[in-house]
Amino acid sequence: MQNAISWFEIPAIDFDRAVNFYGAVLGTEIQKSEFMGEPQAFFPGSDQGVGGAIVKSERLTPAATGTLIYLNVETVEQLEQSLERVESNGGKTLMPKTAIGDPGFIGIILDTEGNCIGLHAPKPSA
891 MQNAISWFEI PAIDFDRAVN FYGAVLGTEI QKSEFMGEPQ AFFPGSDQGV
941 GGAIVKSERL TPAATGTLIY LNVETVEQLE QSLERVESNG GKTLMPKTAI
991 GDPGFIGIIL DTEGNCIGLH APKPSA
């Protein structure tokens, strides 16, 4: 098994608000579409990597407790920039940039929908 996770879905109450929030915080374009009759917005990724989407669905409810996923922001600088954009885009920073040893750095946010989401940047190579 290459990755323990193959796909994730972040539930949204207000789909467009959630898509705008993640696009602004992550500094990337998130492609909106529909899949299996539900609005979905796909995070950028590679064909071999883990994928995920923001989803508006009756089967999913945003929550600040339960499973915590970490979005890869690739560099410490991108982590810092993402965390700086959270509150101005309607979210809340729950944990600022925090060193976690060899795995790198994390921050935890509450998005506009009420989901608790982690952001992760690997430790820079020496």
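Using the numbering used here, count along the sequence shown one by one with no gaps and you end on 1016. Idealized CB from N, CA, C, for every residue including glycine. Quantities reported herein were computed from a predicted structural model and do not represent experimental measurements.
* Name the two residues that bound the continuous alpha helix (DSSP H) containing SER923. => Along the sequence shown, read from residue 1 onward, the residue named residue 923 stands at position 33. Careful: SER923 lies outside any alpha helix (DSSP H), inside the beta strand (DSSP E) at 921-925.
* Asked: By DSSP, does PHE995 sit in helix, in strand, or in coil?
  -> Your numbering for residue 995 matches position 105 in the sequence shown. In this structure, PHE995 counts as strand in the three-state DSSP scheme.
* GLY942 classed as buried or exposed, judged by whether at least 16 other C-beta atoms fall within 10 angstroms -> Translated into the one-based positions of the sequence shown, residue 942 becomes position 52. Buried.
* Asked: Of all the alpha helix (DSSP H) runs that stay within the bounds of the region 940-965, which reach a length of 4 or more residues?
  -> none
* Asked: Which same chain residues, not among the five before or five after PHE898, have their C-beta less than 6 Å away from its C-beta?
  -> Here residue 898 refers to the residue found at position 8 when the sequence shown is read from its first residue. These residues qualify, in order along the chain: GLY942 and ILE959.
* Own chain, CB closer than 8 Å to VAL940, minus 5 neighbours either side, in chain order -> Taking the sequence shown and counting its residues from 1, one reaches residue 940 at position 50. Within the same chain, VAL940 has close Cβ partners ASN893, ILE895, SER896, TRP897 and PHE898.
* **Of the residues LYS946, GLY927, SER936 and GLU928, the one placed nearest ARG907, counting alpha carbons only** => Residue mapping note: residue 907 aligns to position 17 of the sequence shown, counting from 1. Selected option, being the one with the closest Cα: LYS946.
* Asked: For GLY935, which of ALA902, LEU961, SER923 and THR951 has the nearest alpha-carbon?
  -> For the purposes of this step, residue 935 is taken as the residue at position 45 of the sequence shown. When only C-alpha atoms are compared, the closest one is LEU961.
* To do: Taking ALA1016 as part of the alpha helix (DSSP H), name the residues at either end of that continuous run.
  => Within the sequence shown, residue 1016 is the residue found at index 126, counting from 1. ALA1016 -> no alpha helix (DSSP H), and no H or E assigned at all.
* Could you tell me which residues DSSP pairs with PHE933 in its beta bridges? => Start at 1 with the first residue of the sequence shown, and residue 933 comes out as number 43. BP columns for PHE933 are empty, so no partner.
* Report the three-state DSSP secondary structure of GLY1008 (helix, strand or coil). => By one-based count along the sequence shown, residue 1008 stands at place 118. Of the three classes helix, strand and coil, the one that applies to GLY1008 here is strand, per DSSP.
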